[in-house]
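Colleague:
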Amino acid sequence: MIGIVGYGGYIPRFRIKVEEIASVWNADAKALKSGLNVEEKSVPSIDEDTATIAVEAALNALKMAGIDPKEIGAIYVGSESHPYAVKPTSTIVGEAIGCGTEFTAADIEFACKAGTAGIQMVMGLIQGGYIKFGLAIGADTAQSKPGDALEYTAAAGGAAYIIGKNGIIAEIEGTFSVSSDTPDFWRREGIEYPSHGGRFTGIPAYFKHVVSATKGLMSKLSLKESDFDYVVFHMPNGKFPLNAAKMLNIDLEKLKPGLVVQKIGNTYSGSSLLGLASTLDIAKPGQRILVTSYGSGAGSDSFSIKVTDLIEEKRQKTKKIQDFIDDKEYVTYAHYTRLRRGI
Amino acid sequence: MGHESSVPLFWRLIKTRYQLIGTKCMTCGNKFYPPKSLCPVCRKEGKLEEIKLGKTGKILTFSIVRSAPTGFDKETPYPVAIIELDDGPRLTSQIVDWKEEDLKIGRRVEACFRRIYTDGEEGIINYGLKFRPI
Amino acid sequence: MKVAVIGVGITKFGEHWDNNLRELAIEAGTKAIMDAKIRGSDIDSIYLGNMSAGRFIGQEHVAALVSGELGLSIPAIRVEGACASGGIALREGILSILSGQNDIVLVGGAEKMTDLMTDSTTTALMGAADQEWEAYYGLTFPSLYAMIARRHMFEFGTTREQMAKVAVKNHHNGSLNPAAQFNKEITIDEVLNSTMVADPLTLLDCSPITDGAAALILCKAELAKKYTDNPVYIIGSGQASDTLALHDRRSLTTLDATVKAAQVAYKQAGITVNDVDMAEVHDCFTIAEIVATEDLGFCKKGEGGKLLDEGATELNGRIPINTSGGLKAVGHPVGATGVKQAIEIVLQLRGEAEKRQIKDANIGLTHNVGGSGATAVVHVFSR
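Chains as they are written, first to last, in this note's numbering: chain X, 1 to 343; chain P, 344 to 477; chain V, 478 to 860.
1. Determine the closest residue to R568 (chain V) out of V:G577, V:Q578 and V:V556, with distance taken between C-alpha atoms.
2. Shorter than 9 Å from the beta carbon of L363 (chain P) to some beta carbon of chain V?
3. Scan the region 652-738 of chain V and note each continuous alpha helix (DSSP H) run of 4 residues or more that stays entirely inside, going in chain order.
4. For S278 (chain X), does the count of other Cβ atoms within 10 angstroms reach 16, so buried, or fall short, so exposed?
5. Pull the bridge partners of P44 (chain X) from the DSSP assignment, please.
6. Does the beta-carbon distance from E453 (chain P) to T399 (chain P) come in below 9 Å?
7. DSSP three-state label for W186 (chain X), please.
8. Thinking just about the alpha-carbon of each residue, which of V:F762, V:I503 and V:G715 is nearest to the one in P619 (chain V)?
9. Run through DSSP, which three-state label would M528 (chain V) get?
10. Find the residues of chain V that neighbour I477 (chain P), judging by a C-beta separation of less than 7 Å, and give them in chain order.
11. Quick check: the Cα distance between G535 (chain V) and A601 (chain V), rounded to an integer number of angstroms?
12. Which class does D107 (chain X) belong to by DSSP, given the choice of helix, strand or coil?
13. How many Å lie between L62 (chain X) and P69 (chain X) at the Cα?
14. Below 8 Å CB to CB, which residues in the same chain sit around F200 (chain X) once its five sequence neighbours on both sides are set aside?
15. Take Y230 (chain X) and list the residues in its own chain whose beta-carbon comes closer than 8 Å to its own, dropping the five residues that flank it on each side.
16. Excluding the 5 residues preceding and the 5 following M344 (chain P) in the sequence, name in chain order all residues of the same chain whose CB lies nearer than 7 Å to its CB.
17. Going by DSSP in three states, P476 (chain P) sits in which element: helix, strand or coil?
18. Name, please, each residue of chain P whose Cβ falls closer than 9 Å to the Cβ of G564 (chain V).
19. Between the alpha carbons of H346 (chain P) and W610 (chain V), how many angstroms are there, rounded?
20. Take the Cβ of L621 (chain V) as the centre, count every other Cβ of all protein chains shown within 10 Å, and call the residue buried at 16 or more, exposed below.
21. Specify, as a first and last residue, the run of the beta strand (DSSP E) that D301 (chain X) falls within.
22. Can you say whether S269 (chain X) is buried or exposed, counting buried as having 16 or more other CB atoms within 10 angstroms of its CB?
23. What residues in the region 692-722 of chain V have a beta carbon less than 9 Å from any beta carbon of chain P?
24. For the candidate residues P:R360, P:F353, P:K374 and P:A424, whose alpha-carbon lies nearest to that of Q437 (chain P)?
25. What does DSSP give as the partner residues of Y161 (chain X) in its beta bridges?
26. Below 8 Å on C-beta distance, what does V452 (chain P) contact in chain V?
27. So which of P:V408, P:D416 and P:S380 has the shortest CA-CA distance to G365 (chain P)?
28. Quick check on the burial criterion: 16 or more other C-beta atoms within 10 angstroms. Buried or exposed for E101 (chain X)?
29. With 9 Å as the threshold, decide whether the Cβ of F631 (chain V) is near any Cβ in chain P.
30. Counting beta carbon pairs with one atom in the region 813-826 of chain V and one in the region 682-701 of chain V, are three or more of them shorter than 8 Å?
31. Whole angstroms are fine: how far does the CA of K367 (chain P) sit from the CA of T267 (chain X)?
32. Do you know how far the Cα of E20 (chain X) is from the Cα of A106 (chain X)?
33. Drop a sphere of 10 angstroms on the beta-carbon of K41 (chain X), count the other beta-carbons inside from all chains shown, and report buried for 16 or more, exposed for fewer.
34. Against I440 (chain P), what residues of chain X qualify as contacts under a CB-to-CB distance less than 7 Å, listed in chain order?
35. Taking DSSP's pairing of strands, which residues face R386 (chain P) in a bridge?
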């Protein structure tokens with residue numbers, strides 16, 4: 001049995017409301033809020049970045065796992081906003097959590113599914129007997145062009161997962177992925193903000209991959225919609241995951257605990273992983289969670305996760321995702337602009 | 344820090360800065376941060392061993408920097424404080440995630456991982472621990 | 478111990494757009510040589526206090542620069558102890574005479590700070606603090622002393638008004654000093670309402686960035702009368718060190734180095750603090766003067782603020798402090814300050830302090846600090 005030994009999240013404290021952004025661009029806030037199903041998004045402090053978020057999430061995951069960091073044999077950080085284009089975030093994380101020097105590491109990029117790709121990679125190393133525990137993190141401080149539609153949702157946050165065979169709080173029963181060359185959302189080297197294909201990002205991109213990966217997983221594991229208590233899809237906004245659920249005849253109630261996007265926006269590589277963490281915070285032993293991520297460019301990783309008896313005691317040890325969501329301070333657009341420049 | 348961040352100067356202290364690793368003198372029991380190679384109390388009788396210090400403590404004194412040195416101007420105003428860790432040693436750092444009422448002598452704080460300084464557009468990024476109210 | 482001061486020279490302190498370091502140093506040096514009525518060739522050694530010519534103007538090796546400009550090939554030593562560089566240079570000059578090695582010594586202090594932008598100057602000054610454990614986190618000198626002030630207010634109830642009184646008093650004295658950078662009087666309200674630099678210290682709580690140079694000529698006590706009818710003697714010298722980082726100190730409200738240096742100086746001079754008629758203390762920030770008056774023994778720990786409420790340290794008070802105007806009003810060209818302090822005491826004891834003159838000045842004291850208290854130097858002067 002292989003699964004999650006500990007998990008932890010981190011969401012920066014600042015928030016900016018959709019109304020605040022809309023007022024600057026003379027846009028219809030009401031229409032945007034209902035169209036996106038998002039109220040506000042998280043904004044990193046001037047001294048926060050993907051590395052700092054990844055470290056904080058990893059430290060929280062370690063607290064829950066209760067293992068010696070030196071037993072971690074691999075660290076993968078998935079993001080589209082790594083602080084360096086060349087110099088890995090994963091070694092900064094390794095040093096900060098004290099895992100010594102005997103580990104493999106790499107940074108991953110696959111838009112918003114880089115974090116889940118990392119989980120699959122450590123699963124392989126563990127199953128192959130190469131390492132005992134692996135740490136996979138999805139974290140981002142997403143940038144968006146001022147005035148672009150993405151500005152209302154591009155947010156910051158991350159979650160870390162320690163995977164192993166000992167002390168499992170949630171078993172990973174199986175995983176299934178789809179990938180294709182679909183240019184729905186991209187950013188060229190050296191360019192500050194991403195570009196996207198407008199409506200093309202919907203049916204041919206997000207929905208095609210999320211739906212086919214989910215169907216593929218259910219088929220591979222011979223599971224049906226009714227076998228799952230909770231469902232988490234990647235959340236570019238609060239509408240797409242609900243529409244994907246409808247396409248798959250999934251009861252929308254199952255998405256509620258994981259739908260963090262409404263209050264924190266799209267945390268990109270952190271999105272489905274924070275949704276999963278938020279769900280794990282309340283799931284009971286024996287319950288089953290379906291997670292399907294989505295990364296533009298494009299692909300989806302789908303997982304079936306079954307909660308064990310160990311979860312109730314272990315998850316007391318770290319701050320809950322809901323606590324991160326509730327711990328907030330609003331900023332004006334002017335302050336937001338200053339923070340976005342970073343240091 | 345000056346205009347250029349020296350790579351070796353920063354690298355040498357990464358472990359100490361990121362993990363709050365200090366030293367304990369097994370002779371007198373005093374704990375030191377940053378780690379010392381010579382116990383200033385026992386001097387040649389001292390026997391130092393590495394220890395990882397706990398990340399919580401309290402504010403002993405503080406100020407708010409409004410006129411910053413090179414490279415920190417975009418962050419003002421930022422509070423700085425002398426913090427006494429629960430394990431004993433004292434250190435100096437910034438306070439983050441703060442409100443006016445958090446800046447009090449005695450306020451409890453915990454360490455968190457943040458960017459300290461970025462050497463322009465091309466240079467390296469210095470990380471370290473700052474403290475947030477708990 | 479006894480060493481004589483036979484000549485003094487000082488430039489105006491301020492923003493010297495037209496002068497660089499060597500010109501300022503030479504102006505002060507030649508004034509001192511002429512005041513001593515000696516010839517350049519009479520000098521045995523030069524001790525030059527300078528904190529950071531390397532970072533301010535890209536120039537190291539500054540003592541050699543000065544001796545070269547003076548046309549002398551004698552030993553020239555640059556002394557550095559942050560803001561105490563001048564005071565330590567004085568002490569080194571004294572010790573070299575007491576050792577028998579030198580008869581006549583030129584002690585100078587000079588700093589050229591205004592050729593950089595303010596943020597670069599702030600950064601350079603942090604070289605006096607712990608680079609890795611204070612400067613790294615974005616600390617500035619005002620913020621270090623602000624933390625001392627905050628703790629002093631917490632432990633003893635010292636108020637911002639009491640600190641402001643230091644600035645008001647010193648600006649008043651500075652208005653009577655032709656060498657001072659600032660000649661304008663200020664009010665308590667102006668201090669309290671000026672721009673906050675590092676809470677609770679405002680712009681007017683802080684000494685400025687200044688260019689300037691000061692010099693003295695020392696000679697063996699036995700030779701003094703050969704050069705002047707009005708020698709002033711240095712009869713005590715003490716210096717002490719402490720941890721570089723403020724957070725490593727035993728106390729956040731006492732500079733132990735000041736206490737120790739003063740004890741040594743008083744003992745050597747055969748006096749107690751009660752014998753001191755006036756003092757130039759290190760008021761890099763208003764709180765520093767309050768702490769200094771306590772640590773030097775002019776009042777009990779925690780009561781430095783009260784001295785200001787009583788007016789005890791004003792020109793006509795029972796113990797005038799910083800009759801020159803202090804670092805606050807005269808300015809603080811870092812390496813020059815310690816020497817300028819000595820010059821003020823010498824002028825007072827000679828009776829040459831003009832509008833700032835204290836009556837019956839017999840024993841004076843200088844107190845020069847490096848950084849946030851890692852070095853302190855105290856000298857006792859007598860007629």
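Backbone N, C-alpha and C define an ideal beta-carbon position, used for all residues, glycine too. Since the model is a prediction, treat every value here as computed from it, not as a measurement.
Modeller: This is what the structure holds:
1. For the purposes of this step, residue 568 (chain V) is taken as the residue at position 91 of the third sequence. Nearest neighbour of R568 (chain V) by Cα position, chosen from V:G577, V:Q578 and V:V556, turns out to be V:V556.
2. Here residue 363 (chain P) corresponds to residue number 20 of the second sequence, with the count starting at 1. Cβ-Cβ to chain V under 9 Å: no for L363 (chain P).
3. Segments of the alpha helix (DSSP H) lying fully in the region 652-738 of chain V: 665-670 and 701-704.
4. Along the first sequence, read from residue 1 onward, the residue named residue 278 (chain X) stands at position 278. Looking at its Cβ environment, which holds 16 or more other Cβ atoms inside 10 Å, S278 (chain X) is buried.
5. Looking up residue 44 (chain X) in the first sequence gives position 44. Per DSSP, none; premise fails for P44 (chain X).
6. Here residue 453 (chain P) refers to the residue found at position 110 of the second sequence. Here residue 399 (chain P) refers to the residue found at position 56 of the second sequence. It is a contact, given that the beta carbons lie within the stated cut-off.
7. As a working note, residue 186 (chain X) is residue 186 in the first sequence. Three-state DSSP puts W186 (chain X) in a strand.
8. In the third sequence, residue 619 (chain V) corresponds to position 142, counting from 1. Ranking V:F762, V:I503 and V:G715 by Cα distance to P619 (chain V) puts V:F762 first.
9. Looking up residue 528 (chain V) in the third sequence gives position 51. M528 (chain V): coil per DSSP, three-state reduction.
10. As a working mapping, residue 477 (chain P) is identified with position 134 in the second sequence. In chain order: nothing, as chain V lies at least about 19 Å away.
11. What you label residue 535 (chain V) is simply residue 58 of the third sequence in a count that begins at 1. What you label residue 601 (chain V) is simply residue 124 of the third sequence in a count that begins at 1. In this structure, the CA atom of G535 (chain V) is about 12 Å from the CA atom of A601 (chain V).
12. The sequence position of residue 107 (chain X) within the first sequence is 107, counting from 1. Reduced to three states, the DSSP call for D107 (chain X) is strand.
13. To locate residue 62 (chain X), count along the first sequence from 1; it is residue 62. To locate residue 69 (chain X), count along the first sequence from 1; it is residue 69. The alpha-carbon atoms of L62 (chain X) and P69 (chain X) are separated by roughly 7 Å.
14. As a first step, residue 200 (chain X) must be located in the first sequence, where it is residue number 200. Same-chain partners within the cutoff: D184.
15. Translated into positions along the first sequence, residue 230 (chain X) becomes position 230. Excluding the 5 residues flanking it on each side, Y230 (chain X) has same chain C-beta neighbours closer than 8 Å at K254, L255, P257, G258, T279, A283, Q287, R288, I289 and L290, in chain order.
16. Position 1 of the second sequence, counting from 1, holds the residue named residue 344 (chain P). Any reading at M344 (chain P) needs caution, since the residue's pLDDT is 44, under 50, leaving its predicted position unreliable; the model's value is listed next. Residues G414 and Y460 of the same chain have their beta carbon placed closer than 7 Å to that of M344 (chain P), with the five preceding and five following residues left out of the count.
17. Mapped onto the second sequence, residue 476 (chain P) falls at position 133. Here P476 (chain P) sits in strand by DSSP.
18. Numbered from 1 along the third sequence, position 87 holds the residue referred to as residue 564 (chain V). Here the premise fails: no neighbours, minimum Cβ distance about 25 Å.
19. By one-based count along the second sequence, residue 346 (chain P) stands at place 3. By one-based count along the third sequence, residue 610 (chain V) stands at place 133. Note on H346 (chain P): pLDDT 49, under 50, position unreliable in the model; no value is reported.
20. Taking the first residue of the third sequence as position 1, residue 621 (chain V) is located at position 144. L621 (chain V) sits buried, since 16 or more C-beta atoms from the chains shown fall within 10 Å of its C-beta.
21. Here residue 301 (chain X) refers to the residue found at position 301 of the first sequence. Start and end: G299 to V307.
22. One-based indexing of the first sequence puts residue 269 (chain X) at position 269. In summary, S269 (chain X) is buried, with 16 or more beta-carbon neighbours lying within 10 Å of its beta-carbon over all protein chains present.
23. Under the 9 Å Cβ criterion, the region 692-722 of chain V contributes T720 and A722.
24. Translated into positions along the second sequence, residue 437 (chain P) becomes position 94. Among P:R360, P:F353, P:K374 and P:A424, the Cα nearest to that of Q437 (chain P) is on P:A424.
25. Mapped onto the first sequence, residue 161 (chain X) falls at position 161. DSSP output for Y161 (chain X) lists X:Y7 and X:A136 as bridge partner(s).
26. By one-based count along the second sequence, residue 452 (chain P) stands at place 109. Those within 8 Å of V452 (chain P) in chain V number zero; the least Cβ separation is about 14 Å.
27. Counted from its first residue, the second sequence places residue 365 (chain P) at position 22. Nearest neighbour of G365 (chain P) by Cα position, chosen from P:V408, P:D416 and P:S380, turns out to be P:S380.
28. Reading the first sequence from its first residue, position 101 is the one you call residue 101 (chain X). Checking the sequence, you will find Thr at residue 101 (chain X) rather than Glu. With fewer than 16 other Cβ atoms within 10 Å, it is exposed.
29. Within the third sequence, the letter at position 154 stands for residue 631 (chain V). True, the Cβ-Cβ gap to chain P drops below 9 Å.
30. By the C-beta criterion, the region 682-701 of chain V is judged to be in contact with the region 813-826 of chain V, since at least 3 inter-stretch pairs fall below 8 Å.
31. As a working note, residue 267 (chain X) is residue 267 in the first sequence. As a working note, residue 367 (chain P) is residue 24 in the second sequence. So the alpha carbons of these two residues sit roughly 42 Å apart.
32. On the first sequence, position 106 is the one that residue 106 (chain X) refers to. On the first sequence, position 20 is the one that residue 20 (chain X) refers to. When rounded, the distance between both Cα atoms is 38 Å.
33. Here the question's residue 41 (chain X) lines up with position 41 in the first sequence. With 16 or more other Cβ atoms inside 10 Å of its own Cβ, K41 (chain X) counts as buried.
34. Position 97 of the second sequence holds residue 440 (chain P). The amino acid occupying residue 440 (chain P) in the given sequence is Asp; Ile does not appear at that position. Neighbours of D440 (chain P) in chain X, taken as residues at a C-beta separation under 7 Å, are given in chain order as R13.
35. Position 43 of the second sequence, counting from 1, holds the residue named residue 386 (chain P). Bridge partners of R386 (chain P): P:C382.
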